[in-house]
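The opening residue of the sequence shown carries number 17 in the numbering used here; numbering runs sequentially from there. From the three backbone atoms N, C-alpha and C, an ideal C-beta is built for every residue, glycine too. Structure first, then comments.
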Amino acid sequence: LLYKSTDKGANWKLVYQDDHPDIFYDAMTFWNDKEGIAMGDPTDGCLSILITRDGGDYWDKVECNKLSPTALGEAAFAASNSNISIAGDQAWVVSGGKQSRVFHTPDKGMTWSVYNTPIVSGGKMTGIFTSHFYDAQRGIVFGGNWEDKENNSGNKAITTDGGKSWKLVADGVHPGYRSSVRYFPKGGGNALLAVGIPGTSFSWNGGKNWKLLDDESFYVCRFASSGNIVWVAGDKKIGKFILSK
17 LLYKSTDKGA NWKLVYQDDH PDIFYDAMTF WNDKEGIAMG DPTDGCLSIL
67 ITRDGGDYWD KVECNKLSPT ALGEAAFAAS NSNISIAGDQ AWVVSGGKQS
117 RVFHTPDKGM TWSVYNTPIV SGGKMTGIFT SHFYDAQRGI VFGGNWEDKE
167 NNSGNKAITT DGGKSWKLVA DGVHPGYRSS VRYFPKGGGN ALLAVGIPGT
217 SFSWNGGKNW KLLDDESFYV CRFASSGNIV WVAGDKKIGK FILSK
């Protein structure tokens, strides 16, 4: 069930209902005030992709013949609402499990392609847990193995060509599993922050090297519009990092 509020949560109306027995939605974001996208685990052999063009009053599910088929056991993780990343008219949707891939639309959901990544896959809890694009060309995917969180091999990769190809970074070194990664808004595509279990890590060189900032566990991070405050949330807690210049 997808609900919409126009008065800051005081009242809600049902705008979409999916009755498929296997449905599970993982993430949602908007390109602008009118156009948005939501994604969920596969049903009938493809990812569940919803598109709205009217601010969320009506949602249309993308037909499977417009999407690349998913492998048995390929799905998504509802980790931090970052299974979807957008830049301009584009969107990237990430998967994990049996395969760790990136589904890409250059035109707000009209057409789709899919690209392989070197992120670890094959297990039920392996794959891409989070993604973020700094611009139309530069992006990062992060994840690992939720059941082996210290494992730092094959869990982080970057692209410089809009997601068509991916290269592992800091492979075999810190950090291991992370569930939310973001570019610093004013970091020029070089500064990154990633949170997870356990700890928060940062990079000043586009993900090539990372340092531990704090060892407390969080699920998700988001920058304030000012760019110097990071809000984080975890198990029964909300916090923030204040960044010095």
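Boundaries of the beta strand (DSSP E) in which residue i is found, first to last residue
i      : result
Pro58  : 52-59
His120 : 117-121
Tyr131 : 129-132
Met44  : 41-46
Asp230 : 227-230
Trp108 : 106-110
Trp220 : Element bounds for Trp220: n/a, residue is neither H nor E.
Asn161 : 155-161
Cys62  : 62-68
Phe239 : 236-239
Val246 : 245-250
Gly188 : Careful: Gly188 lies outside any beta strand (DSSP E) and carries neither H nor E.
Gly212 : 208-212
Ser196 : 196-199
Short Cβ contact (9 Å threshold) for residue i with residue j
i      : j      : result
Tyr235 : Gly215 : no
Tyr131 : Trp47  : no
Ser84  : Ser129 : yes
Val197 : Ala210 : yes
Val118 : Gly52  : no
Asp23  : Phe40  : no
Ser195 : Phe145 : yes
Ala173 : Thr133 : yes
Gln153 : Asp177 : yes
Buried or exposed (CB count within 10 angstroms, at least 16 for buried), residue i
i      : result
Ile254 : exposed
Leu17  : exposed
Tyr5   : Since the displayed the chain opens at 17 and closes at 261, residue 5 lies outside it and no answer follows.
Thr217 : Position check: residue 217 holds Ser in this sequence, whereas Thr was assumed. Buried.
Tyr150 : buried
Gln115 : buried
Met126 : exposed
Trp162 : buried
Tyr193 : buried
Asn171 : buried
His148 : buried
Gly25  : exposed
Leu30  : exposed
Gly72  : buried
Gly143 : buried
Short CB-CB distance (under 9 Å) between residue i and chain C
i      : result
Asp105 : Protein chains in the displayed structure number just one, and chain C is not present.
Residue i versus residue j - alpha carbon distance
i      : j      : result
Asp42  : Ala91  : 10 Å
Ala87  : Ser260 : 45 Å
Lys140 : Thr175 : 25 Å
Ala54  : Asn167 : 30 Å
Glu232 : Cys62  : 36 Å
Thr59  : Asp38  : 6 Å
Asp34  : Ser21  : 19 Å
Tyr74  : Gly104 : 22 Å
Trp247 : Ile258 : 9 Å
Asp230 : Met44  : 28 Å
Asp164 : Ala94  : 18 Å
Asp70  : Tyr32  : 13 Å
Asn221 : Ala249 : 25 Å
Val136 : Val185 : 13 Å
Exercise for review: Pair every Cβ in the region 108-127 with every Cβ in the region 152-162, then say whether three or more of these pairs are closer than 8 Å.
Suggested key: At 8 Å Cβ cutoff, the stretches touch.
Review point. For the 8 Å Cβ check, are there 3 or more pairs between the region 68-80 and the region 93-102?
Key: Judged by Cβ distances under 8 Å, the region 68-80 makes no contact with the region 93-102, as fewer than three pairs qualify.
Review point. Can we say the region 226-246 touches the region 172-192, given the rule of at least three CB pairs closer than 8 Å?
Key: Three or more Cβ pairs drawn from the region 226-246 and the region 172-192 lie within less than 8 Å of each other, which places the two stretches in contact.
Exercise for review: Evaluate the contact criterion for the region 194-202 versus the region 237-255: three or more CB pairs, one atom per stretch, below 8 Å.
Suggested key: The answer is yes - the region 237-255 touches the region 194-202, with three or more Cβ pairs under 8 Å.
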